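There are 2 protein chains.
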Amino acid sequence: MADVQSGENLLFLTDEQLRQGIEAMFFAYRGFTADPDLILTELAYGRAHHRAIHFIARRPGTTVSNLLSILGVTKQSLNRVLRTLIDDGLVKSEKGTADKRERHLTLTEAGEALEQRLSDAQRARMRSAYRAAGPTAVAGFRQVLEAMMDPELRRKYKAMRETDT
Amino acid sequence: MADVQSGENLLFLTDEQLRQGIEAMFFAYRGFTADPDLILTELAYGRAHHRAIHFIARRPGTTVSNLLSILGVTKQSLNRVLRTLIDDGLVKSEKGTADKRERHLTLTEAGEALEQRLSDAQRARMRSAYRAAGPTAVAGFRQVLEAMMDPELRRKYKAMRETDT
DNA sequence: TTGGAATGTCAACAAGGCTGACGTATCTTG
DNA sequence: CAAGATACGTCAGCCTTGTTGACATTCCAA
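Chains as they are written, first to last, in my numbering: chain Z, 1 to 165; chain R, 1001 to 1165.
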């Protein structure tokens, strides 16, 4: 097999390049969570709370089972987090009108405020990284990340963009 | 302020774009760890073991304190993981010759074998993502990730590339 | 009317973080 | 050479967040 046509010997696909990509993901993810983590610790919450808050903010009125499918944890695990958020008055849980078994989750004012704080911190870092790298790099960044997702999660990720203009 | 020259109103820096970047990181990281996780579960290990193995493989003979600074955990936490790996015969710990206080960590043959297995699985996904996105996208991906790291970790990340040709 | 879906909850357990404290070599420096 | 600093290991206890398993309730839909 000739080396050019096969596409196997391209420089950016060497094991060493891939390994560097792996390490980049590892170190970058640390930075990605660092800023919200500071705020969360201060409030005695963890990343699990952040995730729940994020996706409730993103899809107000979402149901528990939808959240479960996005977060990929057990309902017991989610419920523990959700319970503290509800008890602390950050999340509101309301019985569905169409299907009364469902609970629709929304953020209270206090919840919105915290979401904003967490989101601001995280976006500030993203913004500075995006700005440093430039629009072309950002497009590539998004492409690679999307290609890295499990198909099922990619579907959910894309669906999340559709309905928000 | 004119909107073009300021650089603040660029499409790729809108809050919505940043938010999508955040979600992309979240979902992609799940994919990133999914394949090794399967192997690890089967062996009753966790991600913490994987991280230790990875960086020992990357820097054979590295010391405990160097590993600590890369992983960003406490020595108690690292030690628990390291202990099981040593007891299971995957990692070898040897007193330093120059400085006898230090322990130099290397993978045994069995350790190398596991590292290879984990690394193969993780690289396979990276490779397929890289191939799907193309070299330009990959360059952008790397740039954004690097810009997202904490300065201290970026330094370590870069240092990790220098001495391996 | 009956099976299954959506939810909540209790209990128990494990991984893997953390802090604090202490001990022991070993190196370095005044 | 003595004293302090460094590198490492370890004991003990705590927290978050994940897991499994079991059980109850409510409600939709065939």
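Glycine residues also receive a C-beta, built at the ideal position from the N, C-alpha and C atoms. In this text, all values refer to a predicted model and were calculated from it rather than measured experimentally.
- Secondary structure of VAL138(Z) (DSSP, three-state): helix.
- Within the same chain, no Cβ atom closer than 8 Å to the Cβ of ARG155(Z) is found once the five residues on either side in sequence are excluded.
- When C-alpha distances from LEU11(Z) are compared across ARG1142(R), PRO1135(R) and GLU1152(R), the shortest belongs to PRO1135(R).
- Around the Cβ of SER119(Z), a 10 Å sphere holds 16 or more other Cβ atoms; the residue is buried.
- In its chain, beyond the 5 residues on either side, LEU1085, LEU1090, VAL1091, LEU1107, GLY1111, LEU1114, GLU1115 and LEU1118 have a beta carbon closer than 8 Å to the beta carbon of ILE1053(R).
- Neighbourhood of THR136(Z) in chain R, by CB distance below 8 Å: THR1136 and GLY1140, in chain order.
- In the same chain as ARG1058(R), and ignoring 5 residues on each side of it, the C-beta atoms closer than 7 Å to its own belong to MET1160, in chain order.
- For the stretch 18 to 39 of chain Z, the set of positions with a beta-carbon nearer than 8 Å to some beta-carbon of chain R reads LEU18, ARG19, GLN20, GLY21, ILE22, GLU23, ALA24, MET25, PHE26, PHE27, ALA28, TYR29, ARG30, GLY31, PHE32 and ALA34 in chain order.
- The DSSP-derived three-state label of THR1063(R) is strand.
- Within the stretch 1142 to 1154 of chain R, the residues whose Cβ lies closer than 9 Å to any Cβ of chain Z are, in chain order, ARG1142, GLN1143, VAL1144, LEU1145, GLU1146, ALA1147, MET1148, MET1149, ASP1150, LEU1153 and ARG1154.
- In the structure shown, the three-state DSSP call for LEU1107(R) is strand.
- Assignment of LYS1100(R) by DSSP, reduced to helix, strand and coil, places it in the coil class.
- Counting only Cβ-Cβ distances below 9 Å, GLY72(Z) has contacts in chain R at ARG1030, in chain order.
- With its beta carbon at least 7 Å from every one in chain Z, ALA1044(R) lies outside the interface.
- For GLN122(Z), the chain R residues whose Cβ falls inside 7 Å of its Cβ are ILE1022, in order along the chain.
- Taking CB atoms only, LEU67(Z) has no neighbour in chain R less than 7 Å away.
- Short of 8 Å from the beta carbon of GLY61(Z), and not among the five residues preceding or following it, lie these beta carbons of its own chain, in chain order: HIS104, LEU105 and THR106.
- DSSP places VAL91(Z) within a strand segment (E or B) once states are collapsed to three.
- Given a length threshold of 4 residues, each whole run of the alpha helix (DSSP H) inside the stretch 1010 to 1056 of chain R is given here in chain order: 1015 to 1042.
- Residue range 1151 to 1162 is occupied by the alpha helix (DSSP H) that includes MET1160(R).
- One thing to note: PHE141(Z) has its Cβ within 7 Å of the Cβ of PHE1141(R).
- At a cut-off of 7 Å, the C-beta of ALA132(Z) has a neighbouring C-beta in chain R.
- Beta-carbon to beta-carbon, ALA1132(R) and ALA129(Z) are separated by about 22 Å, too far to satisfy the 8 Å threshold.
- For GLU162(Z) and GLN1020(R), the gap between their C-alpha atoms comes out near 11 Å.
- For LEU13(Z), the nearest beta carbon of chain R is closer than 7 Å to its own beta carbon.
- Non-local beta-carbon contacts of GLU1094(R) in its own chain, meaning distances under 6 Å to residues more than five positions away in sequence, involve HIS1104 in chain order.
- Taking 7 Å as the cut-off, the Cβ atoms of LEU68(Z) and ALA1028(R) do not count as close.
- In this structure ALA1121(R) touches ASP1035(R) by the C-beta definition: roughly 4 Å separates them, less than 8 Å.
- Residues GLY1046, ARG1047, HIS1049, HIS1050 and LEU1118 of the same chain have their beta carbon placed closer than 8 Å to that of LEU1040(R), with the five preceding and five following residues left out of the count.
- LEU118(Z) does not reach chain R, its nearest Cβ partner there being about 10 Å away, counting only Cβ pairs nearer than 9 Å.
- At the C-beta level, GLN143(Z) and ALA1137(R) come within 7 Å of one another.
- In this structure, the alpha-carbon of THR97(Z) lies about 56 Å from that of ILE1056(R).
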